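There are 2 protein chains.
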Amino acid sequence: MNKQGPCEEVCDSLPTISHLNKGLGPMDRPMSAEQIAAERWNLLADDLSLPAAVLYEDKLKHNLHWMQRFIESYGARLAPHGKTTMAPKLLAMQLQAGAWGITMATAHQTRVAYAHGVRRVLMANQLVGRENMETIAALLRDPEFDYFCLVDSAENANQLGRFFQAKGLRLQVLLELGMQDGRTGVRNTAQLAELLEELSRWKEVIVLCGVEVYEGISQDEDVVRGFLQWALDMAKIIVARGAITRTPMILSGAGSAWFDVVAELFSSAQLEHPAEVVLRPGCYLTHDVGAYKSALLRIVENNPVARGMKSTLQPAMQIWAYVHSVPEPTKAIVGMGKRDAAFDSGLPTPALHVPQGSALPCAAPAHWRLTRMMDQHAYLEIAAGDSIHVGDKIAFDISHPCLTFDKWRYLMVVDEDYIVIDVVETFF
Amino acid sequence: MNKQGPCEEVCDSLPTISHLNKGLGPMDRPMSAEQIAAERWNLLADDLSLPAAVLYEDKLKHNLHWMQRFIESYGARLAPHGKTTMAPKLLAMQLQAGAWGITMATAHQTRVAYAHGVRRVLMANQLVGRENMETIAALLRDPEFDYFCLVDSAENANQLGRFFQAKGLRLQVLLELGMQDGRTGVRNTAQLAELLEELSRWKEVIVLCGVEVYEGISQDEDVVRGFLQWALDMAKIIVARGAITRTPMILSGAGSAWFDVVAELFSSAQLEHPAEVVLRPGCYLTHDVGAYKSALLRIVENNPVARGMKSTLQPAMQIWAYVHSVPEPTKAIVGMGKRDAAFDSGLPTPALHVPQGSALPCAAPAHWRLTRMMDQHAYLEIAAGDSIHVGDKIAFDISHPCLTFDKWRYLMVVDEDYIVIDVVETFF
Numbered sequence: 059m060n061k062q063g064p065c066e067e068v069c070d071s072l073p074t075i076s077h078l079n080k081g082l083g084p085m086d087r088p089m090s091a092e093q094i095a096a097e098r099w100n101l102l103a104d105d106l107s108l109p110a111a112v113l114y115e116d117k118l119k120h121n122l123h124w125m126q127r128f129i130e131s132y133g134a135r136l137a138p139h140g141k142t143t144m145a146p147k148l149l150a151m152q153l154q155a156g157a158w159g160i161t162m163a164t165a166h167q168t169r170v171a172y173a174h175g176v177r178r179v180l181m182a183n184q185l186v187g188r189e190n191m192e193t194i195a196a197l198l199r200d201p202e203f204d205y206f207c208l209v210d211s212a213e214n215a216n217q218l219g220r221f222f223q224a225k226g227l228r229l230q231v232l233l234e235l236g237m238q239d240g241r242t243g244v245r246n247t248a249q250l251a252e253l254l255e256e257l258s259r260w261k262e263v264i265v266l267c268g269v270e271v272y273e274g275i276s277q278d279e280d281v282v283r284g285f286l287q288w289a290l291d292m293a294k295i296i297v298a299r300g301a302i303t304r305t306p307m308i309l310s311g312a313g314s315a316w317f318d319v320v321a322e323l324f325s326s327a328q329l330e331h332p333a334e335v336v337l338r339p340g341c342y343l344t345h346d347v348g349a350y351k352s353a354l355l356r357i358v359e360n361n362p363v364a365r366g367m368k369s370t371l372q373p374a375m376q377i378w379a380y381v382h383s384v385p386e387p388t389k390a391i392v393g394m395g396k397r398d399a400a401f402d403s404g405l406p407t408p409a410l411h412v413p414q415g416s417a418l419p420c421a422a423p424a425h426w427r428l429t430r431m432m433d434q435h436a437y438l439e440i441a442a443g444d445s446i447h448v449g450d451k452i453a454f455d456i457s458h459p460c461l462t463f464d465k466w467r468y469l470m471v472v473d474e475d476y477i478v479i480d481v482v483e484t485f486f
Numbered sequence: 059m060n061k062q063g064p065c066e067e068v069c070d071s072l073p074t075i076s077h078l079n080k081g082l083g084p085m086d087r088p089m090s091a092e093q094i095a096a097e098r099w100n101l102l103a104d105d106l107s108l109p110a111a112v113l114y115e116d117k118l119k120h121n122l123h124w125m126q127r128f129i130e131s132y133g134a135r136l137a138p139h140g141k142t143t144m145a146p147k148l149l150a151m152q153l154q155a156g157a158w159g160i161t162m163a164t165a166h167q168t169r170v171a172y173a174h175g176v177r178r179v180l181m182a183n184q185l186v187g188r189e190n191m192e193t194i195a196a197l198l199r200d201p202e203f204d205y206f207c208l209v210d211s212a213e214n215a216n217q218l219g220r221f222f223q224a225k226g227l228r229l230q231v232l233l234e235l236g237m238q239d240g241r242t243g244v245r246n247t248a249q250l251a252e253l254l255e256e257l258s259r260w261k262e263v264i265v266l267c268g269v270e271v272y273e274g275i276s277q278d279e280d281v282v283r284g285f286l287q288w289a290l291d292m293a294k295i296i297v298a299r300g301a302i303t304r305t306p307m308i309l310s311g312a313g314s315a316w317f318d319v320v321a322e323l324f325s326s327a328q329l330e331h332p333a334e335v336v337l338r339p340g341c342y343l344t345h346d347v348g349a350y351k352s353a354l355l356r357i358v359e360n361n362p363v364a365r366g367m368k369s370t371l372q373p374a375m376q377i378w379a380y381v382h383s384v385p386e387p388t389k390a391i392v393g394m395g396k397r398d399a400a401f402d403s404g405l406p407t408p409a410l411h412v413p414q415g416s417a418l419p420c421a422a423p424a425h426w427r428l429t430r431m432m433d434q435h436a437y438l439e440i441a442a443g444d445s446i447h448v449g450d451k452i453a454f455d456i457s458h459p460c461l462t463f464d465k466w467r468y469l470m471v472v473d474e475d476y477i478v479i480d481v482v483e484t485f486f
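Listed in order, the protein sequences are those of chains V and Y. Numbering of the first sequence is given in the numbering used here, commencing with residue 59 and proceeding in unit increments. Numbering of the second sequence is given in the numbering used here, commencing with residue 59 and proceeding in unit increments.
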C-alpha cells in the first residue's frame with residue numbers, strides 16, 4: 059500500500075495493533091503493520107481468525123485510479139468521502155492518487171483526518187455544538203489547514219458567527235441547498251434570503267466559499283436532475299448577490315450513486331463566477347455488489363466517459379467466515395453476523411467457497427444466499443445434497459461499504475495469493 | 059463504577075483513551091478514565107462532542123442487581139452474555155454482583171474477556187477454524203480458566219478432537235440442541251446419536267459437560283415452551299447414555315427475551331443427573347425501549363417472581379445528539395445516524411429535549427419520532443410550530459443494545475446530574 063508522509067511510516071512501525079481485535083492472525087502481543095506483513099499470514103491456510111474483513115489490494119488500486127480518472131475527465135475535483143472507510147491509510151492513498159481533499163461528516167472525523175496528515179477537509183455537514191466547534195477551532199490554528207463546513211440556516215450561521223468571532227478565527231462555509239422532502243439544506247428563496255442576510259452580518263468571520271448539495275437521497279434520475287438544475291439556479295442568485303468570497307467558488311455535490319450526473323451538470327454550469335466542481339463519492343474505493351453496483355450499471359449504460367473507460371469499479375472488500383453448522387438439509391449457519399457486515403441495503407452475498415482442507419477458492423454456487431442475519435450468525439440457504447461442511451470458508455461480497463467498514467477496527471489487505479500484506483486501521 | 063482486580067485499576071489510571079474517538083469531551087491528548095472523571099464533563103453544558111453514547115450509572119446498577127436477584131430466586135446461575143457490551147468494566151460489575159461466569163460468542167470475544175480477568179466463559183457458539191482453536195488453546199494453558207463451547211455436529215466434534223488431542227488439552231463442551239427452522243443445534247435423535255457416537259470416540263479430549271439451547275429466535279411462547287420441553291427430553295436421553303461427565307451437568311439457555319420461561323422450566327426439570335441451570339441474558343444491563351421492553355412487559359405480566367420484585371428493568375443507555383437543521387415545518391434533521399445507534403429493531407426514540415442554552419432536560423414531545431436514519435443523520439418528524447432549534451440536544455432511547463454498543467469504542471457513564479463519572483471501553 060502507498061504511504062504518505064513520515065507520520066504513517068512511523069505509525070506503521072509501532073506495535074500498536076492490539077491482539078485483542080477480531081479478524082487477525084496469530085498474535086500474543088501488540089504488533090505493527092510492518093511486523094504483521096512480515097508474517098505473511100495466509101487467508102486460505104486458516105491463518106486468520108474468522109470472521110475477518112479482507113481488502114483486495116489490486117482491486118482497491120484499480121478503483122482508486124478509475125474514479126480519479128473519471129472525475130478528472132470532467133475537469134472536476136475529487137474529495138472522496140472519508141466517512142466510508144475512516145481509514146487514514148486509504149485516505150492517504152486517495153490524496154496521493156490526486157484527490158483535491160477529503161470529505162468528512164463530523165468534527166470527530168475531521169480531527170482524525172487532520173491527525174493523520176490530511177490538510178483539506180470538506181465537512182459535508184453542519185457544525186453544531188460547542189465541543190464540536192472547539193475541535194474545529196483548534197485545527198484552524200494551523201494556517202495550512204483548509205476546512206469547509208456547511209451552513210443551511212440563519213440560526214446556525216449566528217451560532218458559528220458568535221463562536222468563531224470570539225475565537226478570533228475565520229470559518230469557511232458552503233451554503234447547503236436541499237431537496238424537498240430531503241435532508242438538510244435550504245429549500246426555498248425565503249430561507250435563502252434569511253440565511254444570506256445573517257451571513258452578511260458575519261462576513262468578517264464566516265467566509266462563504268460556495269454551494270453544496272447532496273442529491274443521493276433520491277433514487278430517481280429525473281428528480282436528481284431537476285434538483286441539480288434548481289440548485290444551479292439558486293447558485294446564480296447567490297452569486298448575483300455578491301455573497302461568494304472565494305475564487306473559484308466551490309460547487310460541490312455527488313455521493314456514490316449519482317456522481318456522473320452531478321459531474322455532467324455541474325461541470326457545464328454557466329455561473330457568473332469562476333467555479334471549481336468538487337465531487338464527493340466515498341464508496342467507490344471498495345465498491346459493492348448491492349446499491350452501488352446497481353448505480354454503476356446505470357452509469358456505464360448512460361455515461362459516455364464511463365463507457366469509454368473500458369473497465370468498471372470492482373468489489374474490493376469481502377467478509378470471510380466459517381460454516382459453523384449444517385443442521386438442516388437446506389440450511390447452513392455461518393459465523394458472521396450483523397456485527398461483521400452491513401445488512402441494511404441487502405444481505406451479504408456468497409462469492410467464494412473454500413472447502414475445509416482445500417487451498418483453492420471456487421465460486422460459491424449461484425443458488426446459495428443468506429436469508430437472515432443475527433448479531434453473530436447468518437443463515438445460508440443451500441440445496442439438499444450440496445457439498446458444504448463445518449469448517450468450510452465462505453467469502454461474502456457486501457452491500458453498503460460504510461456500514462461494513464465501521465464494524466472493523468482492522469482490515470486485512472491481501473495480495474492475489476490471499477497473503478496479508480498490510481493492515482488498515484479505522485477510527486470510528 | 060465498581061472495579062475488579064488490580065488489572066482494571068491499573069488500566070483506569072493509564073492514559074490510553076485516545077482523543078481521536080467520538081463522543082468524548084475536551085481532550086488534546088490521550089487521557090485515563092480517572093483523569094476524565096476528574097474533569098467532571100457536564101453533558102448538559104455541552105462539554106461533550108455529540109453524538110455521544112451515555113450510560114446512566116444508577117439505572118445500570120439497578121438492572122445489574124434486578125437480574126441477579128431474579129435468576130437467583132430460581133436457584134439458577136447467571137452468565138450474562140458479554141457480546142452485548144464487550145465492555146470489560148461492565149463484565150467485572152456483573153461478576154462482582156454474583157454472576158457465575160460470562161457468556162461470549164466468539165474466540166476473539168473470549169480472549170478479550172480473559173485478558174480482563176474473566177476466568178469462566180461459556181462460549182455460546184461452535185469453535186471453528188484453526189486460528190480460533192489456537193486462541194482458545196492458548197487460554198486453556200491456564201488451569202484456572204474454565205471454558206465451555208458448544209458442539210452440534212459430529213463433523214465439528216471430530217475437528218475439535220483432533221486439534222485438542224494434538225495439543226494435549228481437554229476441551230469442555232455443551233451439546234447444543236436447536237429449534238426446527240432455527241439456528242445451530244441438533245434437531246433430532248438421529249443427529250444426536252451420530253454426535254454422541256463421535257464424542258464417545260474423543261472422550262479423553264472432549265468433556266461433555268451439559269446441554270445448551272437458544273430459544274430466542276422464536277417470538278411465540280408456545281413454540282418456546284414446546285422447544286424447551288423437547289430439549290429436556292433430549293437431555294434425558296443424553297443423561298441416560300452416560301455421556302455427561304460433569305457433576306452438576308450444565309443446563310443452559312435464555313437470551314434476553316425468554317429468561318423467565320427458561321428459568322421456570324429448566325429449574326424444575328427432573329433429570330437423573332444433578333444439574334446447574336445457567337441463563338445467559340445480555341441486554342438486561344442497559345435494557346431498551348424496543349424488543350426487550352416488550353419482552354419485559356410480558357414477563358412482568360406473567361411471571362410471579364418478576365411481579366414480586368416491585369420494580370422492573372430500566373433503559374440505562376441513551377444516544378445524545380444535536381439538532382442540525384429544521385428545514386421544513388414538520389421535519390428536523392439530527393446529527394445521529396446508523397453509525398451511532400441500532401436501527402434493526404425499531405429506530406431510536408426521542409426521550410429528552412434540552413433546548414439550546416438550557417441546562418434543563420424536559421421530556422421530548424410524545425409526537426416526535428424518527429422516520430429514517432442515514433449513516434450520520436436522522437429524520438425527526440415534528441409538528442409545525444414546535445419549539446425546536448438548531449443546537450438543541452435530544453437524548454434518544456434505543457432498541458437493541460447489542461447493535462448500539464458496537465458503534466462506540468467509549469461510552470460515557472454519567473451520574474444523576476449528567477456529569478461524566480467514568481468511561482467504559484468496548485472491544486469489538
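Backbone N, C-alpha and C define an ideal beta-carbon position, used for all residues, glycine too. This structure is a prediction, so every number in the text was calculated from the model and none was measured.
(1) Nearest to residue 396 of chain Y by CA position, among Y/390, Y/466 and Y/112, is which residue?
(2) So, at 6 Å on beta carbons, what are the nonlocal neighbours of residue 290 of chain Y in its own chain, with the 5 sequence-adjacent residues on each side left out?
(3) Establish whether the CB of residue 164 of chain Y and some CB of chain V are separated by less than 8 Å.
(4) What residues from the stretch 201 to 219 of chain V come within 7 Å of chain Y, judged by C-beta to C-beta, listed N to C?
(5) Relative to chain Y, which residues along the stretch 170 to 198 of chain V have a C-beta separation below 8 Å, given in chain order?
(6) Near residue 117 of chain V, which residues of its chain fall below 6 Å by C-beta distance, leaving aside the five closest residues on each side in sequence?
(7) Straight-line CA distance for residue 399 of chain Y to residue 413 of chain V?
(8) Check whether the Cβ atoms of residue 391 of chain V and residue 241 of chain Y lie closer than 8 Å to each other.
(9) Which residue from Y/420, Y/482 and Y/245 puts its Cα closest to that of residue 387 of chain V?
(10) Should residue 436 of chain Y be labelled buried (16 or more other beta-carbon atoms within 10 Å of its own) or exposed?
(11) With three or more beta-carbon pairs closer than 8 Å as the criterion, would you say the stretch 204 to 216 of chain Y touches the stretch 252 to 268 of chain Y?
(12) Quick one: complete alpha helix (DSSP H) runs, 4+ long, within the stretch 395 to 472 of chain V?
(13) In angstroms with no decimal places, state the Cα-to-Cα distance between residue 476 of chain Y and residue 100 of chain Y.
(14) Check distances from the C-beta atoms of the stretch 346 to 380 of chain Y to those of chain V and list, in chain order, the residues that come in under 7 Å.
(15) For chain V, is any of its Cβ atoms less than 8 Å away from the one on residue 63 of chain Y?
(16) Helix, strand or coil for residue 380 of chain Y, going by three-state DSSP, please let me know.
(17) Got a sec? Which residues, its chain only, sit under 7 Å from residue 131 of chain V by beta carbon, not counting five neighbours each side?
(18) How about residue 115 of chain Y and residue 479 of chain Y: do their beta carbons lie closer than 8 Å?
(19) Is the Cβ of residue 106 of chain V closer than 8 Å to any Cβ of chain Y?
(20) For residue 95 of chain V, write down the residues that DSSP places opposite it in a beta bridge.
(21) In whole angstroms, what separates the C-alpha of residue 173 of chain Y from that of residue 156 of chain Y?
(22) Distance, Cα to Cα, residue 294 of chain Y vs residue 311 of chain Y?
(23) So which of V/257, V/92, V/98 and V/280 has the shortest CA-CA distance to residue 303 of chain V?
(24) At what residue ranges does the stretch 316 to 379 of chain V contain a whole run of the alpha helix (DSSP H), taking only runs of 4 or more?
(25) So, does the stretch 458 to 473 of chain V touch the stretch 412 to 430 of chain V, judging by three or more C-beta pairs under 8 Å?
(26) Using the C-alpha atoms, what's the distance from residue 234 of chain V back to residue 314 of chain V?
(27) List the residues of chain Y whose Cβ lies closer than 8 Å to the Cβ of residue 391 of chain V, in chain order.
(28) State the Cα-Cα distance for the pair residue 337 of chain V and residue 160 of chain V, rounded to the nearest angstrom.
(29) Mind checking the stretch 81 to 98 of chain V against chain Y and listing, in chain order, the residues whose C-beta falls within less than 9 Å of any C-beta there?
(30) Of all the CB atoms in chain Y, is at least one closer than 8 Å to the CB of residue 322 of chain V?
(31) Tell me whether residue 174 of chain V sits in a helix, a strand or coil according to DSSP, three-state version.
(32) Could you say which of V/227, V/376 and V/120 lies nearest to residue 262 of chain V if we only look at CA atoms?
(33) What residue ranges within the stretch 182 to 233 of chain Y form continuous alpha helix (DSSP H) runs of no fewer than 4 residues, ordered along the chain?
(34) Where does residue 309 of chain Y fall in DSSP's three states?
(35) For residue 425 of chain Y, which residues in chain V fall below 9 Å Cβ to Cβ?
(36) Along the chain, where does the alpha helix (DSSP H) that runs through residue 295 of chain V open and close?
So, to answer that:
(1) When only C-alpha atoms are compared, the closest one is Y/466.
(2) Excluding positions up to five away in sequence, the list reads 327.
(3) Yes, residue 164 of chain Y counts as interfacial toward chain V.
(4) Sequence-ordered contacts of the stretch 201 to 219 of chain V with chain Y read 210, 211, 213, 214 and 217 [C-beta pairs closer than 7 Å].
(5) Per Cβ criterion, the list reads 170, 173, 183, 184, 186, 187, 188, 189, 190, 192, 193 and 196.
(6) Hits under 6 Å: 372 and 374.
(7) Straight-line Cα distance between these residues: approximately 37 Å.
(8) Against a cut-off of 8 Å, the Cβ pair of residue 241 of chain Y and residue 391 of chain V comes out as a contact.
(9) Closest in C-alpha terms to residue 387 of chain V, from the list Y/420, Y/482 and Y/245, comes Y/245.
(10) Result: buried.
(11) Yes, the stretch 204 to 216 of chain Y is in contact with the stretch 252 to 268 of chain Y.
(12) The DSSP assignment places complete alpha helix (DSSP H) segments of no fewer than 4 residues inside the stretch 395 to 472 of chain V at 460 to 463, in order along the chain.
(13) Roughly 6 Å between the two C-alpha positions.
(14) Taking a C-beta cut-off of 7 Å against chain V, the contacting residues of the stretch 346 to 380 of chain Y are 380, listed in chain order.
(15) Any answer about residue 63 of chain Y is weak, because its pLDDT of 44 lies below 50 and its placement is not dependable; what the coordinates show is given next. Residue 63 of chain Y does not count as touching chain V.
(16) Secondary structure at residue 380 of chain Y: strand, using DSSP grouped into helix, strand and coil.
(17) If we look at residue 131 of chain V and ignore the five residues flanking it on each side, its Cβ neighbours are 363.
(18) Yes, these two residues count as a Cβ contact at 8 Å.
(19) Residue contact with chain Y for residue 106 of chain V: present (Cβ-Cβ distance below 8 Å to some residue of chain Y).
(20) Answer is none; residue 95 of chain V lacks a bridge partner.
(21) Approximately 20 Å, taken between the alpha carbons.
(22) Between residue 294 of chain Y and residue 311 of chain Y, the C-alpha separation is close to 16 Å.
(23) Of V/257, V/92, V/98 and V/280, the residue nearest in Cα terms is V/257.
(24) Entirely contained in the stretch 316 to 379 of chain V, the alpha helix (DSSP H) runs reaching 4 residues are, in chain order, 317 to 325, 349 to 360 and 362 to 366.
(25) Not touching, per the Cβ criterion.
(26) Separation of residue 314 of chain V and residue 234 of chain V (C-alpha to C-alpha, rounded to the nearest whole angstrom) is 18 Å.
(27) By Cβ distance, chain Y contributes 241 and 242.
(28) Distance between the alpha carbons of residue 337 of chain V and residue 160 of chain V is about 10 Å.
(29) Contacts with chain Y (Cβ-Cβ distance below 9 Å) from the stretch 81 to 98 of chain V involve 81, 82, 83, 84 and 86, listed in chain order.
(30) By this cut-off, residue 322 of chain V is not an interface position.
(31) Correct three-state label for residue 174 of chain V: coil.
(32) Per the Cα distances, V/227.
(33) Here the runs fully enclosed are 188 to 198 and 212 to 225.
(34) Residue state, collapsed to three classes: strand.
(35) Neighbours of residue 425 of chain Y across chain V, judged by C-beta separation under 9 Å, do not exist; the nearest C-beta is about 19 Å away.
(36) 279 to 298 is the extent of the alpha helix (DSSP H) around residue 295 of chain V.
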